[in-house]
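Everything on this sheet refers to the single structure shown next.
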Amino acid sequence: MPARSVLMPARAVAVCLLAAALLPAQASSPDAWNAHDREVVERCLHESGLRQARALSAPAEFDDRVGYAALLIAGYLPQAHLKAQRVQMLCLFDKLSHEVYLSELLPQPNRRP
Numbered sequence: 001m002p003a004r005s006v007l008m009p010a011r012a013v014a015v016c017l018l019a020a021a022l023l024p025a026q027a028s029s030p031d032a033w034n035a036h037d038r039e040v041v042e043r044c045l046h047e048s049g050l051r052q053a054r055a056l057s058a059p060a061e062f063d064d065r066v067g068y069a070a071l072l073i074a075g076y077l078p079q080a081h082l083k084a085q086r087v088q089m090l091c092l093f094d095k096l097s098h099e100v101y102l103s104e105l106l107p108q109p110n111r112r113p
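Numbering-wise (the working numbering), the sequence shown opens with residue 1 and increments by one.
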């Protein structure tokens, strides 16, 4: 009898896990995606520190294995000595931690092919 009582709960757990694995995955709702996109844009623009910052693209969503969304933004550097130079930045938004990483995009020098 003791062996049977141990096997029954283990079997029940296995059946439950199998059933859960076979259920279809739930996709995020359009409202959830819109809220995510708003957060990406708002965080990137704020963290950039640029004056008159604006998004030049919609957030580019990478696969969940990568875990980032990217956004191209532009605005003016706030430092007076830089004479309000216009710059573009690439913003990476970590989907798990909600951290923002920014890098200025520098123009490529003219090169002859």
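Glycine included, C-beta positions come from ideal geometry on N, C-alpha and C.
Computed from a predicted structure; not experimentally measured.
Discussion item. Give me the residue from A32, D31, V41 with the minimum Cα distance to E99.
Written reply: Position 99 of the sequence shown, counted from the start, is the residue given in the question as residue 99. Of the listed residues, the one whose Cα sits closest to E99 is V41.
Worksheet item: Count the other CB atoms within 10 Å of the CB of A80; is the residue buried (16 or more) or exposed (fewer)?
Response: As a first step, residue 80 is located in the sequence shown; it is residue number 80 there, counting from the start. The Cβ neighbour count for A80, taken over all protein chains shown within 10 Å, is under 16; the residue is labelled exposed.
Worksheet entry | Three-state class that DSSP yields for L102 in the structure shown | The residue you call residue 102 lines up with position 102 of the sequence shown. For L102, the three-state secondary structure derived from DSSP is strand.
Worksheet item: In terms of alpha-carbon separation, which member of E47, A69, S48 lies closest to L96?
Response: In the sequence shown, residue 96 corresponds to position 96, counting from 1. Distances from the CA of L96 to each of E47, A69, S48 were compared; the closest alpha carbon is that of A69.
Fill in: Length of the line joining the Cα atoms of Y101 and C44
As a first step, residue 101 is located in the sequence shown; it is residue number 101 there, counting from the start. As a first step, residue 44 is located in the sequence shown; it is residue number 44 there, counting from the start. Per the coordinates, the alpha-carbon of Y101 lies some 8 Å from the alpha-carbon of C44.
Fill in: Minimum C-alpha distance to S57 - residue among L82, C91, P109
Counted from its first residue, the sequence shown places residue 57 at position 57. Checking every option, the nearest Cα to that of S57 belongs to C91.
Worksheet item: With 16 other CB atoms within 10 Å as the buried threshold, where does P109 fall?
Response: As a working note, residue 109 is residue 109 in the sequence shown. So P109 counts as exposed.
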